[in-house]
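Visitor: Chains as they are written, first to last, in the numbering used here: chain A, 76 to 331; chain B, 76 to 331; chain C, 18 to 323; chain D, 18 to 323.
1) Taking 8 Å as the threshold, find out whether the segment 100-118 of chain B comes into contact with the segment 210-221 of chain D through three or more Cβ pairs.
2) Just the Cα atoms here: how many angstroms apart are residue 220(C) and residue 294(C)?
3) Quick check: what's the CA-CA separation for residue 202(B) versus residue 104(C)?
4) Skipping 5 residues on each side, what residues in its chain have a beta carbon closer than 7 Å to that of residue 304(D)?
5) For residue 235(D), which of helix, strand or coil comes out of DSSP?
6) Whose Cβ in chain C lies nearer than 8 Å to the Cβ of residue 193(D)?
7) Going straight from the alpha carbon of residue 99(B) to that of residue 118(B), what length do you get?
8) With 8 Å as the threshold, decide whether the Cβ of residue 100(D) is near any Cβ in chain A.
9) Check residue 135(D) in the structure and name its three-state DSSP category.
10) Using only CA atoms, which one of 305(A), 95(A), 254(A), 130(A) lies nearest to residue 152(A)?
11) Can we say the segment 146-153 of chain C touches the segment 180-198 of chain B, given the rule of at least three CB pairs closer than 8 Å?
12) Run through DSSP, which three-state label would residue 185(A) get?
13) Are the Cβ atoms of residue 70(D) and residue 44(D) separated by less than 8 Å?
14) How is residue 113(A) classed by DSSP in three states: helix, strand or coil?
15) On a Cα-Cα basis, can you pick out the residue from 284(B), 242(B), 121(B), 306(B) that is closest to residue 312(B)?
16) So, at 6 Å on beta carbons, what are the nonlocal neighbours of residue 184(D) in its own chain, with the 5 sequence-adjacent residues on each side left out?
17) Exposed or buried, what is residue 97(A) when buried is set at 16 or more other beta-carbons lying within 10 Å of its beta-carbon?
18) By Cβ distance below 8 Å, which residues in the same chain neighbour residue 208(B) in space, the five residues on each side in sequence not counted?
19) Is the CB of residue 139(B) under 8 Å away from at least one CB in chain D?
20) I'd like to confirm the pairing. Which residues does DSSP put opposite residue 92(B) in its beta bridges?
21) Show which residues of chain C have a CB atom less than 9 Å away from the CB atom of residue 311(D).
22) Please list, in chain order, all residues of the same chain as residue 137(D) whose beta carbon is under 7 Å from its beta carbon, the five residues on each side excluded.
23) So, does the CB of residue 80(B) fall closer than 8 Å to a CB anywhere in chain D?
24) Any contact of the segment 90-102 of chain D with the segment 252-267 of chain D, i.e. 3+ C-beta pairs under 8 Å?
25) Give the straight-line distance between the Cα atoms of residue 109(C) and residue 59(C), rounded to the nearest whole angstrom.
26) Give the DSSP-derived three-state secondary structure of residue 191(A) in the structure shown.
27) If residue 186(B) and residue 278(B) are in contact, beta carbons under 8 Å, what's the gap, nearest whole angstrom?
28) Which chain C residues sit within Cβ distance under 8 Å of residue 240(B)?
29) Which complete beta strand (DSSP E) runs does the segment 217-292 of chain C hold, if anything under 3 residues is left out?
30) DSSP on residue 168(D), reduced to helix/strand/coil?
31) Applying the 10 Å Cβ sphere with the 16-neighbour rule, what's the burial state of residue 62(C)?
32) Output, in sequence order along the chain, the residues in the segment 119-131 of chain C whose CB is closer than 7 Å to any CB in chain B.
33) Who pairs with residue 79(C) in a beta bridge, going by DSSP?
34) Where do the ends of the alpha helix (DSSP H) carrying residue 168(A) lie?
35) Are the beta-carbon atoms of residue 186(D) and residue 301(D) separated by less than 8 Å?
36) Which first and last residues belong to the beta strand (DSSP E) in which residue 217(A) is found?
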């Protein structure tokens, strides 16, 4: 795993802590797997002790699992859950407007935050068949706001995705509203930076650059002419409390 | 309770046994409360050992309850049930075409088997406000066939009901089909007789007269010119096995 | 967050005049009568009572003048028959006129389900041919756009109640709750309502609820208040806890035949006792006779992860 | 009616060529892999596999040539990533082309719910703006007829599968079953399918199931066959019984990178062992290491009526 110059945390740990900061106290969040579920644990231990995580397999959970999860349906995610139910009752909370935020990943994201996790190339004769939406299309469409997690390179941050699995701001401007959707992306957390939509066009702008990276590098690795927010600076380094919380959640050092 | 000339069973017991005969083995039946649930117990003990009863409160049950029920949600109907769920999953079986038959009562029924349990008089200024549909409208609309239980007098068996809570054959003929419904009433069991729909008009005809009653009396107590099926005769008296089964189900002698 | 409060405080805080309130989501079982009584005591007015089948609860509240609208499928006394206060309100406008939004049980369940899951409406094959489509203007008769042949479909608008009061066997003080036996529309009501009041027969440690998350019908974070009211469902039954008080229902049904009889009944059982403990004390030995003393325990289920 | 049969007989009787089959209704848990393997052994062809997220099961069946269509939201290996057989089938038509009916998890759940409850369709606010509406022609974009303002609604046609294979912790021989932990779309699939095969990790007396009817997700009369297959969900997890075999999934993911690697894997793990007991024996100590030995029992629930 690549190490930053600052020796106390890995890039992935910084991404986790940046993701944790996106969760507010008391919120109901679709946290999904891998990085976001760890971020959720950090948020609970730091600034968001009353946040609740939802999982599309049918679970609601507040306490972190007792061991590293490989899937959201692992027994360690079920034991001690707040609610073990079905997909429809839990994802129905999204459609009912009862979910504050959601995290998803994907293969590609574009300048308006649209995400593709289905097809590279023509969907009738694709070059690459990706696994598909899972719950991502639902979370992107119906969560109060969306946080996307991506690796930052030009093949992944593209001008326009060829297939919109999970809608962002579509063609930008009021296109999302016209399609009948509220919400939309609020942050894209990459291994180099954080992007956020800006202004009426909702185009993703550079919000901050992670320690050890610079603006030129981020721009060079983005597939559209990336603009900067006026207050764009460096992503704040993790605090001691955040790192301590992460080490508590990530017992096995999976993300170090 | 009025006794028939034949001393071995009451009118209500005969109605219960007649109702039990309407249930076929292996069927899934909305049995409701009072008389039909007892009939269901008799059917299980005689010719339909694999019938299953559904209750709109969210229950499926095969074994009779261990004590007399006052409501379908009484603890005695829950303990030992096959399935304790919600209203939607259970009534959804009706809409899915998975229910063979249903029993309902009501305040009024008409010559085409439409039942009113809502309003006597104009529904905007009714003379009598009845309790309403409960699940009756659903059972009448969506069960494979409907068995109605009524007391037989002219105020109850009327030419046309003023308000259709639970649809029968509506205006007769193919009116029910045109309204988008399959199924329909297959029997009306009263304290004097059994009526069944006949021919293309689906008008209720006299199918059999209970022992101790006669055709003229039944016709005189029916609110439309009641016609007879060509094979109309006497309702077969309960067999010894049927009476024994009923006495087993009706431990407290509630129906004697 | 500790949500444990007294029933009077929960009603005062969360049930306002004119609110739509689910009372009796489990059909004949687990009706939160103690909450109905408290709402009457506090003199709430103009409520829209939502319940598929309320047994006598809705009838009482109508007679006490709390109700402006009934959104339901059936109002009366399940073992008795007609609801006398319901009749007086609709037929004579006494104590005041009420509006009825007729439903069938299934259409009401589907309406709450649509509210729970944010559906724009629920499409229904039921109610076709029924005059419920005429007496309740909320329904819309359409054709199925996915079908080539003519296929009528009834659209049921979602119900999103202001409050749902839900009685459960046990809950913790954070709103996590276990309910078993039939659940009627409990899950849908809890997920559709803006505010949920849980009325727990037993208050337990949070570990008890967490030991069995599949017995949780709605997540605790949706709950606004938890009230510990043992026997609060009386006279309705609750499996494993309370038998139905059939005699009490029959007595209510007889006394409520006249407005004066109902007023006397209301004075004796609702306005007289200042709260549920006083009502409970008045029931005395009758209440203890209804307590379920047997044990028929669910087979153990193991949730271990390792 | 006694419905207990061997898994091979259940598959032979109830799963036919061209059938639509739900395999993996619980998302990553309780995937009935033993049934997937048996379907492969019996050489079924042209199946329409329905599952929101199948983990590796659908990928295997595609590689084995059993699949003509996938109706799902996600095919791959949850801990590994891309589904290599899925890719080969779609990108190169190897071993044969397949049709994809794209869904999101929620649209698939709603489609099965519509099938379960006989709804003419499910109206959805999700999928708006998504190209899933373009690549799956089954969806229809409409306007909400109950809304005055323009409000787009996606109509999802119901799914009524021919067969659903559902893994549960325990069942009796009559089809009555208990499942706990997350349930995914198990209830909807069971109620929507024409035929249900229950794959029970433990076979119990009917009294065990009747002791807790609220833990029953679908009534036993809807079940066509009960198969007693301890550990039949391997390599997927089942709370209280089996941990996930992460190494096995990873090994599958690596080996299936090439068609030849997949063929070797298939020979070793599916075509080689003649049935589940043989597969189980081959796993040997690895399987026992996955067995959950701890106890974390659900708090008792009393169903007594008196």
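Beta carbons: idealized from backbone N, C-alpha and C, even for Gly.
Since the model is a prediction, treat every value here as computed from it, not as a measurement.
Guide: Per the coordinate set shown:
1) Between the segment 100-118 of chain B and the segment 210-221 of chain D there are fewer than three inter-stretch CB-CB distances shorter than 8 Å, so the stretches are not counted as touching.
2) Numbered from 1 along the third chain, position 203 holds the residue referred to as residue 220(C). Numbered from 1 along the third chain, position 277 holds the residue referred to as residue 294(C). About 16 Å.
3) Translated into the one-based positions of the second chain, residue 202(B) becomes position 127. Translated into the one-based positions of the third chain, residue 104(C) becomes position 87. Annotation: residue 202(B) to residue 104(C) spans about 9 Å, alpha carbon to alpha carbon.
4) Walking along the fourth chain from the start, residue 304(D) turns up at place 287. Closer than 7 Å at Cβ, skipping near neighbours: 248, 251, 297.
5) To locate residue 235(D), count along the fourth chain from 1; it is residue 218. Three-state result, residue 235(D): coil.
6) As a first step, residue 193(D) is located in the fourth chain; it is residue number 176 there, counting from the start. Those do not exist, as residue 193(D) stays about 12 Å from chain C at its closest Cβ, beyond 8 Å.
7) Here the question's residue 99(B) lines up with position 24 in the second chain. Here the question's residue 118(B) lines up with position 43 in the second chain. Taking C-alpha positions only, residue 99(B) is separated from residue 118(B) by approximately 8 Å.
8) Along the fourth chain, read from residue 1 onward, the residue named residue 100(D) stands at position 83. By this cut-off, residue 100(D) is an interface position.
9) Here residue 135(D) corresponds to residue number 118 of the fourth chain, with the count starting at 1. Of the three classes helix, strand and coil, the one that applies to residue 135(D) here is coil, per DSSP.
10) Your numbering for residue 152(A) matches position 77 in the first chain. Out of 305(A), 95(A), 254(A), 130(A), 130(A) has the C-alpha closest to the C-alpha of residue 152(A).
11) Contact holds: three or more Cβ-Cβ distances are below 8 Å.
12) In the first chain, counting from the first residue as 1, residue 185(A) sits at position 110. Residue 185(A): strand per DSSP, three-state reduction.
13) As a first step, residue 70(D) must be located in the fourth chain, where it is residue number 53. As a first step, residue 44(D) must be located in the fourth chain, where it is residue number 27. Cβ distance < 8 Å, so residue 70(D) and residue 44(D) count as in contact.
14) Your numbering for residue 113(A) matches position 38 in the first chain. Residue 113(A) falls in the helix class under three-state DSSP.
15) If you number the second chain from 1, residue 312(B) lands on position 237. Ranked by Cα distance from residue 312(B), the options 284(B), 242(B), 121(B), 306(B) are led by 284(B).
16) Stepping through the fourth chain from its first residue, residue 184(D) is reached at position 167. Answer for residue 184(D): 47, 49, 216, 250, listed in chain order.
17) Locating residue 97(A) in the first chain gives position 22, counting from the first residue. By the C-beta density criterion, residue 97(A) is buried, having at least 16 other C-beta atoms within 10 angstroms.
18) On the second chain, position 133 is the one that residue 208(B) refers to. Apart from sequence neighbours up to five positions away, the residues of its chain that approach residue 208(B) with a beta-carbon distance below 8 Å are 192, 193, 240, 241, ordered along the chain.
19) Counting from one through the second chain, the residue named residue 139(B) turns up at place 64. Against chain D, the CB of residue 139(B) has no partner CB under 8 Å away; the residue lies outside that interface.
20) Working through the second chain from its first residue, we reach residue 92(B) at position 17. The partner list for residue 92(B) (beta bridge, DSSP) is empty, contrary to what the question assumes.
21) For the purposes of this step, residue 311(D) is taken as the residue at position 294 of the fourth chain. For residue 311(D), the chain C residues whose Cβ falls inside 9 Å of its Cβ are 319, 321, 322, 323, in order along the chain.
22) Within the fourth chain, the letter at position 120 stands for residue 137(D). Within the same chain, no residue comes within 7 Å of residue 137(D) by CB-CB distance, once the 5 residues on both sides are set aside.
23) By 1-based counting over the second chain, the position of residue 80(B) is 5. The pLDDT assigned to residue 80(B) is 41, lower than 50, so where the model puts this residue is not dependable; a value taken from the coordinates is nonetheless given after this. No, residue 80(B) does not count as interfacial toward chain D.
24) Between the segment 90-102 of chain D and the segment 252-267 of chain D there are three or more C-beta pairs closer than 8 Å, enough to call the two in contact.
25) The residue you call residue 109(C) lines up with position 92 of the third chain. The residue you call residue 59(C) lines up with position 42 of the third chain. Going from the Cα of residue 109(C) to the Cα of residue 59(C) covers about 25 Å.
26) Locating residue 191(A) in the first chain gives position 116, where the first residue counts as 1. Strand, per DSSP.
27) Within the second chain, residue 186(B) is the residue found at index 111, counting from 1. Within the second chain, residue 278(B) is the residue found at index 203, counting from 1. Confirmed, Cβ separation roughly 5 Å.
28) For the purposes of this step, residue 240(B) is taken as the residue at position 165 of the second chain. Chain C residues near residue 240(B): 147, 148, 149.
29) Within the segment 217-292 of chain C, the complete beta strand (DSSP E) runs of at least 3 residues are 240-245.
30) Counting from one through the fourth chain, the residue named residue 168(D) turns up at place 151. Here residue 168(D) sits in coil by DSSP.
31) Against the third chain, residue 62(C) aligns to sequence position 45. Flag for residue 62(C) reads exposed.
32) Correct list: 119, 121, 122, 123, 126, 127, 130.
33) Here residue 79(C) refers to the residue found at position 62 when the third chain is read from its first residue. According to DSSP, residue pairing for residue 79(C) in a beta bridge does not occur.
34) Here residue 168(A) is taken as the residue at index 93 of the first chain, counted from 1. First-last of the alpha helix (DSSP H) with residue 168(A): 162-170.
35) Counted from its first residue, the fourth chain places residue 186(D) at position 169. Counted from its first residue, the fourth chain places residue 301(D) at position 284. It is not a contact, given that the beta carbons lie outside the stated cut-off.
36) Position 142 of the first chain, counting from 1, holds the residue named residue 217(A). Element bounds for residue 217(A): not the beta strand (DSSP E) but the alpha helix (DSSP H), 211-217.
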